[in-house]
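K.L.:
Here the working numbering is used: the first residue of the sequence shown is 477, the next is one more, and so on.
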Amino acid sequence: MGLIWIKETNPREKLYLEELGLHAETLEELSYLILKYPPLFLDNFVGEKFFSFLSRGARHSELARELRSLQREKAKSDEILSRFLARGGYASPRQQSLFAQSVKEYLAFPKERAEQKKGDLFLSLRKYGKAVAAYERALSKESLDRATKSTLLDREGAALANLFLTERAFECFQSAYALRKDRDIVKRMYFLAKSEPDKALRDRFEKELPTLREAEKERWDEELRAAKTRAAKGPEVREVAAILAEQDAEKRRALEKKIIAQWREEYRSMV
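1. Is the beta carbon of Glu591 closer than 9 Å to that of Ala610?
2. If contacts are defined as beta-carbon pairs under 8 Å, then Ala623 and Gly633 qualify, I think. What distance do you get, rounded to the angstrom?
3. Would you say Leu509 and Phe517 are within 9 Å of each other, going by their C-beta atoms?
4. What residue does the alpha helix (DSSP H) around Leu771 start on, and which one ends it?
5. State the beta-bridge partners of His536 as determined by DSSP.
6. Tell me which same chain residues have a C-beta within less than 7 Å of the C-beta of Glu698, skipping the five on either side of it?
7. Could you have a look at Ile719 and say whether DSSP puts it in helix, strand or coil?
8. May I have the straight-line CA-CA distance separating Pro673 from Phe640, to the nearest angstrom?
9. Out of Lys552, Ser619 and Asp679, point me to the one whose CA is closest to Thr642's CA.
10. I'd like to know if the region 545-553 and the region 604-618 are in contact, where contact means that at least 3 CB-CB pairs between them fall below 8 Å.
11. In the DSSP assignment, find the unbroken beta strand (DSSP E) run with Tyr492 in it and report its ends.
12. In whole angstroms, what is the alpha-carbon distance linking Leu491 and Asp658?
13. Is it buried or exposed, Glu494, if we count other Cβ atoms within 10 angstroms and call 16 or more buried?
14. Measure the alpha-carbon distance for Glu489 versus Glu555 and round it to whole angstroms.
15. Since Arg559 and Leu599 are thought to touch, with beta carbons under 8 Å apart, how far apart are those beta carbons, to the nearest angstrom?
16. Would you kindly work out how many angstroms separate the C-alpha atoms of Leu496 and Leu506, rounded to a whole number?
17. Name the two residues that bound the continuous beta strand (DSSP E) containing Leu498.
18. What separation, rounded to the nearest whole angstrom, lies between the Cα atoms of Ser616 and Glu588?
Printed below as a string of structure tokens:
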């Protein structure tokens, strides 16, 4: 295993990456994220904040001057990022090549396919609000074929369900299934119905489900039971148990405050 030499940095000069909801403190961290999520860095990223971070935060002032010069020469964002990766010392030649290929493919996508790609990235990152916005932009194109529209609606439904917007999620799944009779979509509708805490909504969802096959229902019920069992052993449950076990009222309130703040922060990170 090789070692990557990290140059001394100024931690007070972090670079906030809005699309990812986190800060980069080093050139190496930023390089890694650009290599991993190229589409999130191609629009409105290369600019003064990026150059300032390189110069003052990562302390690569020469590289910052070089990239600023490229921008003044009207170089495109992908060209500046490619130069950054080539000169930064983190990305291997193979990684640089894969980045260039990924960017080339992405830039060749029609608008709706590019937005779907972004939405899928946000969904994988649990940035559900951003995923919904990307899928909505993709769905705004009127000439989508049925299969593409169904896929976008299905994925938007998944993002909405994770934001607890269950009515909108169910409607997305219904529309997706009407366009493409995929039983996996029915499965998501079934799980959403079974997991809905509001009885009136749950009854409505179950009534509006497509006809279920008995073998499917048995298999999905088993999957749902297994998922609930895993969830019951998760860290949140252990934290709640710790609150219930604490006898001291002040300590219990402190634990409650800490965990509620943590849950709220986790929720914000999804949006």
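Even for Gly, the Cβ is constructed at its ideal location relative to N, Cα and C. This one's a predicted model, so the numbers in the text were calculated from it and none came from an experiment.
P.N.:
According to the structure data:
1. On the sequence shown, position 134 is the one that residue 610 refers to. On the sequence shown, position 115 is the one that residue 591 refers to. Closer than 9 Å, so yes.
2. In the sequence shown, residue 623 corresponds to position 147, counting from 1. In the sequence shown, residue 633 corresponds to position 157, counting from 1. Between Gly633 and Ala623 the Cβ distance is about 16 Å, and since that is not below 8 Å, they are no contact.
3. For this step, residue 509 is matched to residue 33 along the sequence shown. For this step, residue 517 is matched to residue 41 along the sequence shown. For Leu509 and Phe517, yes; Cβs fall inside 9 Å.
4. Within the shown structure, residues of the chain are numbered from 477 to 747, placing residue 771 beyond reach of any answer.
5. Counted from its first residue, the sequence shown places residue 536 at position 60. DSSP output for His536 lists no bridge partner at all.
6. As a working note, residue 698 is residue 222 in the sequence shown. Cβ within range, chain order: n/a, list empty.
7. Indexing the sequence shown from 1 puts residue 719 at position 243. Bear in mind that a pLDDT of 46 at Ile719, under 50, signals an unreliable position, so the model cannot answer this.
8. As a first step, residue 673 is located in the sequence shown; it is residue number 197 there, counting from the start. As a first step, residue 640 is located in the sequence shown; it is residue number 164 there, counting from the start. Using only the alpha carbons, I get a separation of about 11 Å.
9. As a first step, residue 642 is located in the sequence shown; it is residue number 166 there, counting from the start. Thr642 has its Cα closest to that of Asp679, out of Lys552, Ser619 and Asp679.
10. No: the two stretches stay apart, fewer than three of their Cβ pairs being nearer than 8 Å.
11. Stepping through the sequence shown from its first residue, residue 492 is reached at position 16. Where Tyr492 is concerned, the enclosing beta strand (DSSP E) stretches over Leu491 to Leu493.
12. Within the sequence shown, the letter at position 15 stands for residue 491. Within the sequence shown, the letter at position 182 stands for residue 658. Taking the straight line from one Cα to the other gives about 43 Å.
13. Numbered from 1 along the sequence shown, position 18 holds the residue referred to as residue 494. By the 10 Å Cβ count, Glu494 comes out exposed.
14. For the purposes of this step, residue 489 is taken as the residue at position 13 of the sequence shown. For the purposes of this step, residue 555 is taken as the residue at position 79 of the sequence shown. One C-alpha to the other measures close to 25 Å.
15. Position 83 of the sequence shown, counted from the start, is the residue given in the question as residue 559. Position 123 of the sequence shown, counted from the start, is the residue given in the question as residue 599. Going by Cβ atoms, the distance from Arg559 to Leu599 rounds to 31 Å, so no, they are not a contact pair.
16. In the sequence shown, the residue the question calls residue 496 occupies position 20. In the sequence shown, the residue the question calls residue 506 occupies position 30. C-alpha separation (whole angstroms): 11 Å.
17. Taking the first residue of the sequence shown as 1, we reach residue 498 at position 22. Per DSSP, the continuous beta strand (DSSP E) segment holding Leu498 begins and ends at Leu498 to Ala500.
18. Here residue 616 corresponds to residue number 140 of the sequence shown, with the count starting at 1. Here residue 588 corresponds to residue number 112 of the sequence shown, with the count starting at 1. Cα to Cα, Ser616 sits roughly 8 Å from Glu588.
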